[in-house]
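Number of protein chains: 2
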Amino acid sequence: MGASLSDVASAAGVSPSTVSRYLNAGIKLPASTSERIDAAIKTLRYVPNPLARSLGRGRSDTVGLVIPDIANPFFASLASAVEQAAEEHGQGVLLSATSNSAAREVEYVSRMLRNRVSGLLFVSGHHNSSDLAETLAAASGLILIDEDVPGIDCSKVFCDNENGGRLAGQYLASVGHKRIAFIGGPEKLRSTTERLTGLREAAEENGAKVVMTCFGNYSPEFGRQAAAQVLQSSEEPTAVFVSSGEIAFGLLEALQAADIAIPERLSLIVFDDAGPLHLFNPALTAIRQPIREMGRKAVELALAEPDENAAFVEFLLPVELIVRASVTAPKAT
Amino acid sequence: MGASLSDVASAAGVSPSTVSRYLNAGIKLPASTSERIDAAIKTLRYVPNPLARSLGRGRSDTVGLVIPDIANPFFASLASAVEQAAEEHGQGVLLSATSNSAAREVEYVSRMLRNRVSGLLFVSGHHNSSDLAETLAAASGLILIDEDVPGIDCSKVFCDNENGGRLAGQYLASVGHKRIAFIGGPEKLRSTTERLTGLREAAEENGAKVVMTCFGNYSPEFGRQAAAQVLQSSEEPTAVFVSSGEIAFGLLEALQAADIAIPERLSLIVFDDAGPLHLFNPALTAIRQPIREMGRKAVELALAEPDENAAFVEFLLPVELIVRASVTAPKAT
DNA sequence: CTGAAAGCGCTAACAT
DNA sequence: ATGTTAGCGCTTTCAG
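Same order as they appear, the protein sequences are chains R and S. Read in order, the letters of the first sequence correspond to residues 1 to 333 in UniProt numbering. Read in order, the letters of the second sequence correspond to residues 1 to 333 in UniProt numbering.
Encoded structure:
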């Protein structure tokens, strides 16, 4: 197709390596030669071939991002942040969504590795896959975001799930709720367990109780099922903590269909404030994660020089309570 | 790092080319040798290096997707569809979001090209950039989605914007609206002009009129501004057609802040039904685009054999009216 | 049908 | 400081 580096070199009367160094290492050379090179580049419309470059260096200028679902607003925002941060480092983004398939997690992660990504950002959606652990163990520049993978030693970026749970628990208790339902994600994921821990502790410290829990995947469909369980519960919770926006969507749908007044009959608080939750009916009270910061931090960590007396670090980014209309005092019993 | 093709070859006692052909072209060879190759692959844990493969073939197994903004639910859904379709064709996805910068459109598109993507799916957000046209002209496997780029000759996938406008206009007129406001995207984009055309025609055929128009970018911020304009309009529209979900978010916010009752005081219909618009306050009446089909179609077109007596095609996918609560009859004047 | 050999375009030791 | 020379790992024409 286009002109190659050596075309430029011969046109400028120098060796390919000189051109390469000039372009990459930014070495200085006599004005006359650098001008000839620049001219040749312009004339020949030379553009470097990143594939060749990557093959030669064993590393591509691309960071990999593997997430469960790009259509989920949380991950979409994360991808957006990653994309932007990567760009600032001159890196492209190779994206894969696993659609919550454990097999695809392994496959996509390993594809990223084969493509010699310069950093690999991974949000898992599953617990306990030995294949995954094995694949991940071989990765360099690996950063785990949002969910942990036990046994993997690398830098990690989470939000402060436990404190998010606490904030929600304190708030619900403070307006008078005594019986709280917890709708989580997959049972063994870090996000689920930590949020529940925080919620439970804060509730109990403030005279309230988590009276029911239910777990499922991060989908509207599960939200609908969860709504049924909440409504059937003999514990009669007066407030629901939902561990994700996607679940909340389904929950709300089902609750509206069943003519349950929110917040009068049931208060609702959502973990995660991605998407326009403030426009919902009612506006949803939420725990907001610093999604953009998480993405940015992850990219920085992934791209940091690996040699530096490299202890792996684990970041816990702060969350915040956003008070809106979906929580109110429970009706007097 | 890992074992290479030639490692496998020598372990199996054959030549690299044989292994390559066996793996790629799927040729048959004596059971004994194929077994030795398989064994060697397993033992050495051989995984092919896609970078080398791409460099050799001049084409990577990756489709490029360039969109304005991945955090926008419409593009997020599109990306999800593309990702999935690409996967089914054994292709990865290289993603870039231009954040509505014309310069970045050129840069990202050309980066994709340099990376020898096997197909390039592009959603523009700008009108009239000669640099862009020049860059795009050199692209192979280029598919334009959702927005046109004048002068570029390639296959394209749109939704039926004009009919979407018509459906909205007919519906608004049918419930009694006479004065309709149109809040569009950027003024010269195909999506904007076509939707307006359809809306206007249907309105006029049914005794209504588009009494004001305003144009801006696809963002909540513009939606807020547009709200102010609608409220100040001397034409007193009784219904608003909004050309995107993102704009609708800002519009709704501002309208709520100004205590405008929707739909009693002002009816609202949104083009595009990405995101949980049915959970909004009020549930938003919308024109739904077949986003997944658009993504899927685009991938298929991009990956189709280019030689086939190749006339470029232009697809117009059907839209549909989703009736919800944000449109009602206007108050008697 | 299989193997040898020449790239793909760039980088990086090594030598000058 | 610049040039020479090997690769990086795979594909593919071209002989055999």
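Glycine included, each C-beta is placed from N, C-alpha and C at the ideal position. Note that the structure is predicted; figures quoted are calculated from it, not measured.
Helix, strand or coil at residue i [DSSP, three-state]
{"i": "Val242 (chain R)", "result": "strand"}
{"i": "Glu194 (chain S)", "result": "helix"}
{"i": "Glu320 (chain R)", "result": "strand"}
{"i": "Arg179 (chain S)", "result": "strand"}
{"i": "Ile70 (chain R)", "result": "coil"}
{"i": "Ile288 (chain S)", "result": "Residue identity differs from the one stated: residue 288 (chain S) is Arg in this sequence, not Ile. Correct three-state label for Arg288 (chain S): strand."}
{"i": "residue 368 (chain S)", "result": "The question about residue 368 (chain S) has no answer here: the residues shown for chain S are numbered 1 through 333."}
{"i": "Leu121 (chain S)", "result": "strand"}
{"i": "Thr328 (chain R)", "result": "coil"}
{"i": "Phe315 (chain R)", "result": "strand"}
{"i": "Val251 (chain R)", "result": "Here the sequence assigns Leu to residue 251 (chain R), which means Val is not the residue at that position. Helix, per DSSP."}
{"i": "residue 415 (chain R)", "result": "Lying before the first or after the last residue shown, residue 415 (chain R) is absent from chain R, which here runs from 1 to 333."}
{"i": "Val270 (chain R)", "result": "strand"}
{"i": "Leu231 (chain S)", "result": "helix"}
{"i": "Leu189 (chain R)", "result": "coil"}
{"i": "Val157 (chain R)", "result": "strand"}
{"i": "Gly64 (chain R)", "result": "strand"}
Selection from the options that minimises the alpha carbon distance to residue i
{"i": "Gly287 (chain S)", "options": "S:Leu189, S:Ala257, S:Glu162 and S:Thr98", "result": "The identity of residue 287 (chain S) in the sequence shown is Ile, whereas the question assumes Gly. Answer by Cα proximity: S:Glu162."}
{"i": "Cys159 (chain R)", "options": "R:Lys297, R:Gly176, R:Ser17 and R:Ala332", "result": "R:Lys297"}
{"i": "Ala102 (chain R)", "options": "R:Val66, R:Gln84, R:Ala71 and R:Leu94", "result": "R:Val66"}
{"i": "Glu187 (chain S)", "options": "S:Thr135, S:Arg166 and S:Asn217", "result": "S:Asn217"}
{"i": "Asp61 (chain R)", "options": "R:His89, R:Ser130, R:Pro150 and R:Ala138", "result": "R:His89"}
{"i": "Val230 (chain S)", "options": "S:Arg324, S:Tyr46, S:Thr98 and S:Ala258", "result": "S:Ala258"}
{"i": "Pro73 (chain R)", "options": "R:Met1, R:Ala274 and R:Ser99", "result": "R:Ala274"}
{"i": "Asn100 (chain R)", "options": "R:Val270, R:Thr193 and R:Ser219", "result": "R:Ser219"}
{"i": "Gln91 (chain S)", "options": "R:Ala85, R:Val319, R:Asn115 and R:Ser174", "result": "R:Asn115"}
{"i": "Glu314 (chain S)", "options": "S:Gln289, S:Asp153, S:Gly207 and S:Glu236", "result": "S:Asp153"}
{"i": "Pro276 (chain S)", "options": "S:Phe249, S:Gln256, S:Ile262 and S:Arg265", "result": "S:Phe249"}
{"i": "Leu144 (chain S)", "options": "S:Ser174, S:Glu105 and S:Ser10", "result": "S:Glu105"}
{"i": "Ile247 (chain R)", "options": "R:Ser130, R:Ile269, R:Pro50 and R:Ala76", "result": "R:Ile269"}
{"i": "Gly295 (chain S)", "options": "R:Lys28, R:Val14, R:Ile183 and R:Ala71", "result": "R:Ala71"}
{"i": "Ser34 (chain S)", "options": "S:Tyr22, S:Thr43, S:Phe215 and S:Arg45", "result": "S:Tyr22"}
Alpha helix (DSSP H) segment containing residue i, residue limits
{"i": "Thr43 (chain S)", "result": "Ala31 to Leu44"}
{"i": "Gly56 (chain R)", "result": "Pro50 to Arg57"}
{"i": "Leu144 (chain S)", "result": "Not the alpha helix (DSSP H): Leu144 (chain S) falls in the beta strand (DSSP E), residues Leu142 to Ile145."}
{"i": "Val8 (chain S)", "result": "Leu5 to Ala12"}
{"i": "Val109 (chain S)", "result": "Ala102 to Arg114"}
{"i": "Ser130 (chain S)", "result": "Ser130 to Ala137"}
Check: residue i C-beta below 7 Å from any heavy atom of the ligand MG
{"i": "Ala133 (chain R)", "result": "The ligand MG is absent from the structure shown, which contains no ligand whatsoever."}
Span of the beta strand (DSSP E) around residue i
{"i": "Ala97 (chain S)", "result": "Gly92 to Ala97"}
{"i": "Val211 (chain S)", "result": "Lys209 to Cys214"}
Cβ distance (whole Å) where residue i is taken to contact residue j below 8 Å
{"i": "Leu284 (chain R)", "j": "Ser326 (chain R)", "result": "5 Å"}
{"i": "Leu321 (chain R)", "j": "Leu167 (chain R)", "result": "5 Å"}
{"i": "Ile291 (chain R)", "j": "Ala81 (chain R)", "result": "6 Å"}
{"i": "Ser191 (chain S)", "j": "Asp146 (chain S)", "result": "7 Å"}
{"i": "Ser124 (chain R)", "j": "Tyr108 (chain R)", "result": "That belief does not hold up - the Cβ atoms of Ser124 (chain R) and Tyr108 (chain R) are roughly 11 Å apart, past 8 Å."}
{"i": "Ile180 (chain R)", "j": "Leu196 (chain R)", "result": "11 Å between Cβ atoms; not a contact."}
{"i": "Ala137 (chain R)", "j": "Gly169 (chain R)", "result": "No, Ala137 (chain R) and Gly169 (chain R) are not in contact; Cβ-Cβ is about 37 Å, not under 8 Å."}
{"i": "Pro330 (chain R)", "j": "Gly176 (chain R)", "result": "6 Å"}
{"i": "Leu279 (chain S)", "j": "Leu252 (chain R)", "result": "5 Å"}
Contacts that residue i makes with chain S (C-beta to C-beta distance below 7 Å)
{"i": "Ser233 (chain R)", "result": "Chain S residues near Ser233 (chain R): none, gap ~23 Å exceeds 7 Å."}
{"i": "Asn115 (chain R)", "result": "Pro50 and Leu51"}
{"i": "Phe249 (chain R)", "result": "Pro276 and Leu279"}
{"i": "Leu252 (chain R)", "result": "Leu279"}
{"i": "Arg111 (chain R)", "result": "Gly92"}
Chain-ordered neighbours of residue i on chain S, where CB pairs are closer than 8 Å
{"i": "Val93 (chain R)", "result": "Leu94, Leu95 and Ser96"}
{"i": "Ile70 (chain R)", "result": "Ile70, Ala76, Ala79, Ser80 and Glu83"}
{"i": "Asn281 (chain R)", "result": "Leu279, Phe280, Asn281, Pro282 and Ala283"}
{"i": "Arg296 (chain R)", "result": "Near Arg296 (chain R) there are no residues of chain S at all, since even the closest Cβ is about 14 Å away, more than 8 Å."}
{"i": "Arg60 (chain R)", "result": "According to the sequence as given, residue 60 (chain R) is Ser; it is not Arg. Residues of chain S passing the Cβ test: Leu51."}
Interface residues of chain R facing residue i [CB-CB closer than 8 Å]
{"i": "Leu55 (chain S)", "result": "Asn49, Leu51, Ala52 and Leu55"}
{"i": "Arg265 (chain S)", "result": "None at all; the shortest Cβ gap to chain R is about 17 Å."}
{"i": "Pro290 (chain S)", "result": "Near Pro290 (chain S) there are no residues of chain R at all, since even the closest Cβ is about 15 Å away, more than 8 Å."}
{"i": "Pro318 (chain S)", "result": "Ordered by position in chain R, no residue passes the 8 Å Cβ test against Pro318 (chain S), which lies about 21 Å from the chain."}
{"i": "Pro150 (chain S)", "result": "None at all; the shortest Cβ gap to chain R is about 24 Å."}
Per-residue contacts from residue i into chain R (C-beta, under 9 Å)
{"i": "Pro16 (chain S)", "result": "Within chain R, no residue comes near Pro16 (chain S); the closest Cβ sits about 16 Å away, beyond 9 Å."}
Contacts that residue i makes with chain S (C-beta to C-beta distance below 9 Å)
{"i": "Pro30 (chain R)", "result": "Those do not exist, as Pro30 (chain R) stays about 29 Å from chain S at its closest Cβ, beyond 9 Å."}
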